[in-house]
Each structure stands twice: as structure tokens, then as C-alpha cells.
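First residue of the sequence shown? That's 0 in numbering that gives the first Met the number 0, and the numbers climb one at a time after it. The C-beta atom is built at its ideal place from N, Cα and C for all residues, glycine as well. The block underneath contains the structure these notes are about, expressed in C-alpha cells.
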Amino acid sequence: MHVWNDSPGAGRVAVVLDDDRLHQLATELCAVRGVQAIALGGSRARGTHRPDSDVDLGLYVDVNVDVAALGDVARRWTSSDVSIAPRGGWGPWVDSGAWLIVDGVAVDLILRDVARVAEQCARAERGQFAFHVQPGHPLGFLDIAYAGEVAMCVPLCDPNRLLEDLARSVTPYPEPLRTALLANLWQVDFLLDAADKGAKGTDVAYVALCAATATMLAAHGWHAAAGQWVTNEKGLIPNVARLPMDTNGFSSSAATLLGALGSTTDEILQTIAKLRELPRPVSGVVSGNLA
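What follows is the structure, given as C-alpha cells:
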């Protein structure tokens, strides 16, 4: 038996853990003081996982959540000692959690502050977003990813319909957010202009950073044009090829260029020029460049 993701557009995707065991774990975690809901998230909820992908469980909690009690539950489910990180222990945006091995499967517990999630859902509705410094997120943590998580998650325990209500608030994909992320594409040329300057000094690391950032922002624009949420920059560029629209080979071209920036000034400048030619979305319409 399996837990199935029947969310729109995700198809039926089996989760590795037996459904009874997974729901039992979710129920026990949900019974801890301060836990309002539990959801299956990550690649398994989206239907983009590999066979070896972790099972991500989002714990939607109040500020007074009993972290010690969460640790007690986690230890009952794994063969090794488990420590729940203190609030903010994983950084200001990933917050807290723990890594478990349950029935031989890697299970990640990730805490989400209910109030902050609600705030980011409201910001997404208004078309507001920002990237924040966060360990493990080289582009920065996109704050309204919290909204994307609830929009795409599979609720396992949601007694007060918290996740259901939040998901409804950002479904369908908010038009103001689409507009804002497309408007943000001005940064692409700004960053590539900076890369040109770095190329003249053969500063390959700086150029690589500018080029990757510019290309990822363009990929964010593609996802927004398609009305698809992004919750992590991992897989961001390859996933453009999977969007339900013609992206004119953006993903493969970007991979080729980013994988061979060059080592001399002339080589790097030629690559930057080609990066400028990557197709970009404008309100869902493909453009060779963005004015």
C-alpha cells in the first residue's frame, strides 16, 4: 500500500513508506502541543522525485510548539538518537527540523511557523517576494516558497483545514505574483553586464556567479509565466523543460553554456553574449530578449 499524490497536475505518484505507517507517524507528530498540521512535501508531493529521494514532512507549528515532545516522537520511530534543532537552528527561513531513518527510508522533518506561512501566502497574493540569505540556498531562500509549499503539498493531518484554507488562498497561481516575477527579469541583463566586467579581468568565479544567478532568475520567470510554483532552486533550470509551454530549449541551452563558461576573456565574453540570447518569457510569450 502507498500514499498517493492525487493533487491536480501531479499524477499518481507512490511514496516509498507504507501508507499506514506514514499516516501513523503524521498522527503522532500532529498530537504534539503546538503542531497544527502535517503535510507531505518536496519532490514526492510534486511528483518529480527519484527513487532515492527523501520523504519530506512539513510540520506546521505555533511558536509554542513542544520541541522536546517532537524529539520524543521522532526517537520512537528511528533506530538512532534524534535531536530536533531549536527554532532558527537551521537558519532564518528553513527554521528547524530533524533527519530520520524510518523503515530504511530517509525522512526529513521540516518545521514551518504557521504565522509566517500565512504571511507569505498573503504576500504572494499581492505579488510581493524577496530572496533571503539562507544556508544551503545559493540563490537565496524565496520567501513566498512557503505559499508554494502549501499549494502543492499533500496534507496528511490537517484537523482544522489550515493547509486547505491556505492552499485555496493561493490557488490558482496569483496573477500579481506572475507579473512581479516577470518584471524582475530586468536583473538578467544587469547581472550579465556585471559578468562582462568580470570577464575582462578573467574573474571566472565572479562571472560564474553572475551567470548562474541571471539564468536562475530567468528560470523563475519561466515558471511564473506557466503559473508553476518554485520552492527550491535545485532543479530550477532543468525543470523549465517540463513546463506546459514551449520554452524554446531554454534548459538545454542554459546547461551547455553554464557548463562551459570558458577560461580566457574572449571565451567568457562569447559565452555571456550567448547567455543574453537565451529565450525569456514575457507574459507567457517567448521572447529572444527582454527590453
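Taking C-alpha positions only, ALA182 is separated from HIS222 by approximately 13 Å. Residues of the same chain with a CB within less than 7 Å of the CB of ALA207, apart from the 5 flanking positions on each side, are LEU260 in chain order. When secondary structure is reduced to three states using DSSP, ARG111 falls in the strand class.
Taking C-beta atoms as the reference points, GLY147 and VAL229 count as a pair closer than 8 Å. GLY126 is positioned such that its CB atom lies closer than 8 Å to that of PRO173. Around the beta carbon of TRP185, fewer than 16 other beta carbons sit within 10 angstroms, so the residue counts as exposed. Residues of the same chain with a CB within less than 7 Å of the CB of CYS152, apart from the 5 flanking positions on each side, are ALA38, LEU39, GLY40, ALA44, GLY57 and LEU162 in chain order. Here DSSP, grouped into helix, strand and coil, assigns TRP98 to strand. Taking each of ALA150, VAL101 and ASN159 in turn and checking the Cα distance to CYS120, the smallest one comes out for ALA150. Within the model, the alpha-carbon separation for GLY70 versus ILE83 is close to 6 Å. Excluding sequence positions up to five before and after TYR145, its CB lies within less than 6 Å of the CB of VAL116 and GLN119, all in the same chain and listed in chain order. In this model, SER79 and VAL93 are separated by some 23 Å (Cα to Cα).
Closest option to PRO243, judged by alpha-carbon separation, among HIS219, ALA68, GLU232 and ALA224: ALA224. One Cα belongs to MET215, the other to ILE236, and the distance between them is close to 6 Å. In this model, THR26 and THR77 are separated by some 16 Å (Cα to Cα). Exclusion of the five residues before and after ILE271 leaves LEU191, ALA194, ASP195, ALA198, VAL206 and ALA210 as the residues of its chain whose Cβ lies within less than 8 Å of its Cβ. With a cutoff of 8 Å on beta-carbon distance, LEU155 and LEU21 are scored as near each other.
Annotated three-state conformation of PHE140 is strand, per DSSP. ASP55 is bridged by DSSP to GLY40 and ASP107. In the three-state reduction of the DSSP assignment, GLN35 falls in the strand class.
For LEU155, the enclosing beta strand (DSSP E) starts and ends at 153 to 156. In the structure shown, the three-state DSSP call for ARG167 is helix. Cβ neighbours of PHE140 within its own chain (closer than 6 Å, five residues either side excluded): TRP92, HIS131 and GLN133.
Note on geometry: alpha-carbon atoms of VAL66 and ALA253 lie some 43 Å from one another. Going by C-alpha positions, VAL113 is about 8 Å away from VAL62. For LEU180, the closest alpha carbon among the candidates ASP142, LEU268, GLY200 and ARG86 is that of ASP142. Membership of ARG279 in the beta strand (DSSP E) is indicated by the continuous run 279 to 281. For GLN227, no alpha helix (DSSP H) encloses it, and the DSSP letter there is neither H nor E. Looking at the DSSP output, HIS131 sits in a beta bridge with PHE140. Note: VAL239 is not bridge-paired with any residue in the DSSP secondary-structure output. A Cβ-Cβ distance of about 7 Å is found for the pair GLU232 and PRO137, placing them in contact under the 8 Å criterion.
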